[in-house]
Structures are given as structure tokens and as C-alpha cells.
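**Q**
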Amino acid sequence: MNDNLDLYNALKQLKVGMRLRLDAKTQTIFVYHQEKIDVHTDHAHFVMSEEDFIVLYQDASFYPYSKKPSIEIEVDKDEVYYTQWKK
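Going left to right, the sequence shown walks through residues 2 to 88 as the numbering used here numbers them.
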């Protein structure tokens with residue numbers, strides 16, 4: 002199955018909560034947040050507007066980064082795990 006998305010389908014998927022990545026040697030992840038696009042790379046994190054995203058990545062192909070929905074953090078369970086790990 003070919004999961005790659007063009008620019009406009011990628012933008013639609015970002016707006017509904019999907020995280021996307023570029024198919025490149027560096028790990029570049031895109032997340033839509035508060036009408037901006039968060040970009041996470043191996044060495045940097047920055048925010049760009051939709052307009053900048055369209056101009057910069059007009060010829061790129063995007064791929065789903067994670068098909069799983071976000072997981073809620075269970076503070077009590079994580080605290081127990083951390084305490085045991087720290088010992």
C-alpha cells in the first residue's frame with residue numbers, strides 16, 4: 002500500500018490531527034497546532050504558517066508518522082514506573 006500524500010492532502014490530514022513525516026534521510030515530522038505547523042527535525046524545532054508550508058513543500062511527498070492516536074499519560078502509573086526504574 003502506498004501511503005504517500007501530496008501537499009494538499011497532507012495539509013488536510015495535518016488539520017485532522019495526523020502527524021506526518023518527509024521521506025528523507027533526516028527525520029522531519031510535521032504536527033498541526035493552533036493554526037500553525039510545528040516542524041521537528043533531528044536538530045531543530047520551529048513553527049511555520051500554512052502559507053510557508055505550502056511554498057516550501059509544494060513538491061514534497063508526505064507519509065504518516067504515526068497511525069495511532071495520541072496516548073493519554075497516566076501520571077500514577079508512570080510515576081510508579083519511574084520510581085522503580087530509578088532504583
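By construction, the Cβ of each residue, glycine as well, lies at the ideal position given by its N, Cα and C atoms. A quick note: this is a predicted structure, and the numbers were derived from the prediction, not measured.
1) Go ahead and label LEU57 buried or exposed: buried means 16 or more other beta carbons lie within 10 angstroms of its beta carbon, across all protein chains shown.
2) Take the Cβ of TYR33 as the centre, count every other Cβ of all protein chains shown within 10 Å, and call the residue buried at 16 or more, exposed below.
3) May I ask you to report which of helix, strand or coil DSSP gives ASP53?
4) Tell me the DSSP secondary structure of TYR66 in three-state form.
5) Is the separation between the beta-carbon of LEU6 and that of ASP60 shorter than 9 angstroms?
6) For ASP39, which residues from the same chain have a beta carbon less than 6 angstroms from its beta carbon, with the 5 sequence-adjacent residues on both sides left out?
7) Taking DSSP as the reference, what is the three-state secondary structure of LEU8?
**A** Let's see:
1) Taking the sequence shown and counting its residues from 1, the one referred to as residue 57 is at position 56. Under this definition LEU57 is an exposed residue.
2) Position 32 of the sequence shown, counted from the first residue, corresponds to residue 33. It counts as buried.
3) The residue you call residue 53 lines up with position 52 of the sequence shown. It is helical.
4) As a position in the sequence shown, residue 66 is number 65, starting the count at 1. Strand, per DSSP.
5) Residue mapping note: residue 6 aligns to position 5 of the sequence shown, counting from 1. Residue mapping note: residue 60 aligns to position 59 of the sequence shown, counting from 1. No, the Cβ-Cβ distance between LEU6 and ASP60 is not below 9 angstroms.
6) Stepping through the sequence shown from its first residue, residue 39 is reached at position 38. Cβ neighbours of ASP39 beyond the five flanking positions: VAL32, VAL48.
7) Sequence index remark: in the sequence shown, residue 8 carries index 7 (1-based). If DSSP states are grouped into helix, strand and coil, LEU8 belongs with the helices.
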